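Everything below concerns the one structure shown next.
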Amino acid sequence: MFYMRELPSRDMIDAMGRVYPELDSTALEACYVLLRTGSDVLTAFDENLSRHHITQSRFIVLLLLKRIHLRHLSNGEMNPSNLAEQAGVSRGTMTGLLDGLERDGLIERELQNGDRRRFAIRMTEKGNKTLDRIFPDYYNRIAGLMENLSEEERGTLIALLNKVKSGIPALRVS
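For the sequence shown, our numbering gives the first residue as 21, with consecutive numbering after it.
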């Protein structure tokens, strides 16, 4: 979440650049626009998913299970550790997500090899029907988000965002 609602003007950024010579004005402006846009897109996704009575994190878990199923891998099953890694959450957070999804009948857990510490997670028919109900609206909204960009511009956007992503290590504390 990026909390700055009103981004600074180019004049303000340039004024800050006169005080702080390290400031690259176009880099800062591009970064702020990227952060603001990304935050707004995530907020819109959350609002849309809430209309379907599901959180983004629970939706992501179902989406990951659907992808495994569509690839015909592992009988559509995943273990909680792999789900946590792919969803970008801790194992503890994943346990809570799975508890809620199981309580709502969207997934089921099955012991692996009788080991009470190891589970295979799979989506239930109710989970599949939930995604089938959400996906048409979800995909239409994504198309609407991108409708102002041509196919070529979308390709350029993907390439540029991948370049930005490769610069993320420069933000991290070493």
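Even glycine gets a Cβ: it sits at the ideal position worked out from N, Cα and C.
As the structure is a prediction and not an experimental result, all values here were calculated from the model.
Contact check between the stretch 123-134 and the stretch 143-159: three or more CB pairs, one atom from each, fall below 8 Å, which counts as touching. In the same chain as Leu55, and ignoring 5 residues on each side of it, the C-beta atoms closer than 6 Å to its own belong to Phe22, in chain order.
One thing to note: Thr75 has its Cβ no nearer than 8 Å to the Cβ of Leu83.
Rounded to the nearest whole angstrom, the C-alpha separation of Ile162 and Glu42 is 37 Å. Beta-bridge partners of Ala140 (DSSP): Glu130. Per DSSP, the unbroken alpha helix (DSSP H) holding Met114 starts and ends at Arg111 to Arg123.
Per DSSP, the beta-bridge partners of Glu97 are Arg142. In the structure shown, the three-state DSSP call for Asp31 is helix.
Here Gly147 is buried. Its C-beta has 16 or more other C-beta atoms within 10 Å.
Sequence-distant partners of Arg138 (beyond 5 residues in either direction) whose C-beta falls short of 8 Å from its own C-beta, in its chain, are Asn99, Leu131 and Gln132. Taken through DSSP and simplified to helix, strand or coil, Ile74 comes out as coil. Contact between Arg78 and Gly37 is absent: CB atoms are separated by about 44 Å, not below the 8 Å threshold. Rounded to the nearest whole angstrom, the CA to CA distance from Leu117 to Arg153 is 20 Å. For Gly175, the enclosing alpha helix (DSSP H) starts and ends at Glu171 to Ser186.
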